[in-house]
Amino acid sequence: LNETVEDNVSNGFGGRTHQLFHSHSRCIVWGLQVKAVQSMLDFDYASHREAPSVAALVYPFSDPHNVKVYWGSSEIFLPVYKTLIEASTSSPDAEILINFGSLRVAYDVTMEAISLDPVGPTTNRNGSCNGLSNGSQFKCIAIIAEGIPEQMTRRLICRAKQRNVLIIGPAT
């Protein structure tokens, strides 16, 4: 899969064009949506990706464990963490969050994700270690939940722009 998707949206990103997704993009899935994850992995495998696009899942209602999924005909195990911070620390290369949280938690999960600084030796994308990062660990967050009030959605968009995060959704 050598195709890329380019983000040409200028509002919120200073007019810059940057690559959103590539053949090595990895994501964290919030919510125990194993069927959706399996569909993603099936697509990855059919597209001849070298590795699964899903790095981990977050499910706060159980202890950390692994879920069995399939990569082609082989069984693999993906980690399930209790918190988003644990998952992002464990998978610093995951720059996409797919938020399957219900209406009750989708806003809070998204705000937490926007606020997470990148994990690794630097604290922001330009390599500066000054602690004043305006970039989030996640450069793209897809929100599946429907029914998030317009005022809350506007707050999400405003905060996402401050942290250079693209929001897809809500109701995606």
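Throughout the sequence shown, residue numbering follows my numbering, covering 3 to 174 in sequence. Virtual Cβ for every residue (Gly too), placed ideally from N, Cα, C.
- [ ] Let me know if T112 comes out buried or exposed under the rule of 16 or more other beta-carbons within 10 Å of its beta-carbon.
- [x] Locating residue 112 in the sequence shown gives position 110, counting from the first residue. Around the CB of T112, 16 or more other CB atoms lie within 10 Å, so the residue is classed as buried.
TODO: Hey, could you find the ends of the beta strand (DSSP E) F140 is sitting in?
DONE: Locating residue 140 in the sequence shown gives position 138, where the first residue counts as 1. In this chain, F140 is not harboured by any beta strand (DSSP E), its DSSP state being neither H nor E.
Open item on the list: Does the region 75 to 87 come into contact with the region 103 to 110, if we say contact requires no fewer than three beta-carbon pairs (one atom in each stretch) closer than 8 Å?
Closed with: no
Open item on the list: Let me confirm a value: A162 is counted as buried when at least 16 other C-beta atoms fall within 10 Å, else exposed. Which label applies?
Closed with: For the purposes of this step, residue 162 is taken as residue 160 along the sequence shown, with counting starting at 1. A162 is buried by the Cβ-count criterion.
Task: Which residues DSSP lists as bridging A58, in chain order - done: For the purposes of this step, residue 58 is taken as residue 56 along the sequence shown, with counting starting at 1. I30, per the DSSP bridge assignment.
Task: C-alpha gap between I87 and S75, whole angstroms - done: For the purposes of this step, residue 87 is taken as residue 85 along the sequence shown, with counting starting at 1. For the purposes of this step, residue 75 is taken as residue 73 along the sequence shown, with counting starting at 1. Each residue's Cα considered, the two are about 31 Å apart.
- [ ] Would you grab the beta carbon distance between I170 and A147 for me? Rounded to a whole angstrom, and I think it's under 8 Å.
- [x] Start at 1 with the first residue of the sequence shown, and residue 170 comes out as number 168. Start at 1 with the first residue of the sequence shown, and residue 147 comes out as number 145. Their Cβ separation, rounded to whole angstroms, is 12 Å, which puts I170 and A147 out of contact at 8 Å.
TODO: Classify V82 as helix, strand or coil using the three-state DSSP reduction.
DONE: Residue 82 sits at position 80 when you count from the first residue of the sequence shown. Correct three-state label for V82: strand.
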